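Protein chains: 2
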Amino acid sequence: MKKLIKKKYNLTVVATDVAIFTIKDGELNILLIKMQKKPFLKQWALPGGLVTVDESVDSSAKRHLFSKTGLKKIFLEQLYSFGEVNRDIFGRVVSVAYFALIPNVDLVLKTTKEYGGVDWFPVNSLPKLAYDHKEIVSVAVSRLRNKIEYTNIVYSLLPKEFTLKQLQDVYEIILNKTVDKRNFRKKFLSLGLITKTANFTTGGTHRPAQLYTFKNKKPQEVNTL
Amino acid sequence: MKKLIKKKYNLTVVATDVAIFTIKDGELNILLIKMQKKPFLKQWALPGGLVTVDESVDSSAKRHLFSKTGLKKIFLEQLYSFGEVNRDIFGRVVSVAYFALIPNVDLVLKTTKEYGGVDWFPVNSLPKLAYDHKEIVSVAVSRLRNKIEYTNIVYSLLPKEFTLKQLQDVYEIILNKTVDKRNFRKKFLSLGLITKTANFTTGGTHRPAQLYTFKNKKPQEVNTL
DNA sequence: CCAAAAGTGTTGCGGTTACACCCATGT
DNA sequence: ACATGGGTGTAACCGCAACACTTTTGG
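Residue numbers (the working numbering), protein chains in the order written: chain W, 1 to 225; chain A, 1001 to 1225.
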């Protein structure tokens, strides 16, 4: 009986995987790490790893996020759990996937000896991914597209101060469609989520742009677009 | 069983819990089972249990749903995963919660010797729940409220043929607000999700009501209310 | 004939969409 | 002065909300 239980239950482990997004070079990018072990040698994968017995699943996701980006206190939300029997060939792994949004800042990406590298990739031209990570990315992108339309999470992708143009660009990149400039500004300003700062952009060969900042950096539900 | 695993192998295990909803006596009800073991003796909990090594997490949820209701092929969707370290006092258990919707039919609920009973409870007057199941129910109810507004999942809560009044009642019960009869009918009919059948209600001391049926019993995204 | 629920249209308001020109700066 | 992106208003349209009376049946 004990043996039966062992066979039947104890081989399953829990992991977390994190889809970390940023806007870079006018595209939505995701952070990937390069595998060094067979059978995924030189393939790319989402950062992640096992959940230890003494950490919560949320903490595990935070830990993996921090280990690659050095960032804490950023937008991180549970996405979906993936539990097919054969999704990981090393054994039975149930993965709780998360997605994170970080502003486009120059960031020193970190890695460990365990991996062959870490880099950003545009979500529209991804390399072949290990495991079922292609599916996870697909779910993450859908979720991001949905949430940007009825929440204020876009603040997570922008620097502290930003122009209305930058804001609009983020929407256009993520939704993959153009929006009318005047309508966009009217709508977004009427939401009351952002306020003018005292500052303007400098240096462009054109009229300086007003810089804005988010009043609130807490996730809220409000129809944006 | 859980205790054995924790003590002996110091492992994290994966479980599923299912929030099964139906409309009953004009209220939203949820199915609960009665615990027979300390420390939750005589407390109520969501149906669920461990994921075996040879079944997917989805299959596990389906299995637990079937074991209590005898139903297959009903609406079942992953809700959220709960992974706090101490959420289960028997050991480290990460639970993937699901929610299910079943029509209000007379259903013979089943249980096993492991539990002291199984019954429906209105979500607005629940008994004390074991584990963190109160939180799971709360997340499930929120999700249901949200999804009923932008999908057609309401079909899962109604019998094959139903009146517009029944349909409206379901919305009013779940959203906990009244809606205008004429606007509701106009809106819902214009969505094209349902069609008239050849049948009418009989027996009431009033004008018979047209019976309708859903064209499609697949989840779709369409703004309903 | 009376009670009880079914069924049916119109109007006003508000939000979304479509659309084109002037402004401030650097070179 | 010219090239570049920043910044602004108005009118048409459409979906949503508000609202009351007639119909059909059973008792």
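Just so you know, even glycine gets a beta-carbon here, dropped at the ideal spot from N, CA and C. Quick caveat, the model's predicted, so the values are computed rather than measured.
Neighbouring residues, chain W, relative to residue i (Cβ below 8 angstroms)
i, result
"residue 1080(A)", "78"
"residue 1138(A)", "Neighbours of residue 1138(A) on chain W: none; closest Cβ ~15 angstroms, over 8 angstroms."
Minimum Cβ-Cβ distance from residue i to chain A less than 9 angstroms
i, result
"residue 3(W)", "Note that residue 3(W) has pLDDT 43, beneath the 50 cutoff, so the model's placement of it is unreliable and the number below is only indicative. It does not: the Cβ of residue 3(W) has no partner Cβ on chain A nearer than 9 angstroms."
"residue 17(W)", "no"
Closer than 7 angstroms at the beta carbon, the chain A residues around residue i
i, result
"residue 92(W)", "1053"
Beta-carbon proximity check, residue i vs residue j, cutoff 9 angstroms
i, j, result
"residue 97(W)", "residue 139(W)", "yes"
"residue 129(W)", "residue 44(W)", "yes"
"residue 161(W)", "residue 225(W)", "no"
"residue 1261(A)", "residue 1065(A)", "With chain A covering 1001 to 1225 only, the question about residue 1261(A) has no answer from this structure."
"residue 195(W)", "residue 213(W)", "yes"
"residue 121(W)", "residue 31(W)", "yes"
"residue 1094(A)", "residue 85(W)", "no"
"residue 157(W)", "residue 170(W)", "yes"
"residue 1069(A)", "residue 1134(A)", "no"
"residue 1146(A)", "residue 1219(A)", "no"
"residue 1057(A)", "residue 81(W)", "yes"
"residue 1118(A)", "residue 1076(A)", "no"
"residue 1155(A)", "residue 1072(A)", "no"
Rounded straight-line distance, which links the Cα of residue j to that of residue i
i, j, result
"residue 1092(A)", "residue 1106(A)", "37 angstroms"
"residue 1022(A)", "residue 197(W)", "51 angstroms"
"residue 67(W)", "residue 1211(A)", "59 angstroms"
"residue 1008(A)", "residue 11(W)", "Low local confidence applies: a pLDDT of 38 at residue 1008(A) is under 50, so the model's placement there is unreliable, with the coordinate-based value given in what follows. Going from the Cα of residue 1008(A) to the Cα of residue 11(W) covers about 13 angstroms."
"residue 1173(A)", "residue 1025(A)", "10 angstroms"
"residue 215(W)", "residue 1060(A)", "44 angstroms"
"residue 1047(A)", "residue 125(W)", "43 angstroms"
"residue 114(W)", "residue 1014(A)", "26 angstroms"
"residue 1201(A)", "residue 1180(A)", "22 angstroms"
"residue 1054(A)", "residue 33(W)", "29 angstroms"
"residue 1183(A)", "residue 131(W)", "49 angstroms"
"residue 74(W)", "residue 1189(A)", "44 angstroms"
"residue 16(W)", "residue 1063(A)", "25 angstroms"
"residue 78(W)", "residue 29(W)", "19 angstroms"
Beta carbon proximity, residue i to chain W, threshold 9 angstroms
i, result
"residue 1058(A)", "yes"
Where residue i meets chain W, residues with beta-carbon distance less than 9 angstroms
i, result
"residue 1096(A)", "81, 83, 94 and 96"
Residues bridged to residue i [DSSP beta-bridge criterion]
i, result
"residue 40(W)", "According to DSSP, which records beta bridges pairwise, residue 40(W) is partnered with nothing at all."
"residue 30(W)", "21(W) and 121(W)"
"residue 196(W)", "212(W)"
"residue 77(W)", "99(W)"
"residue 182(W)", "Paired residues: none, contrary to the question."
"residue 151(W)", "221(W)"
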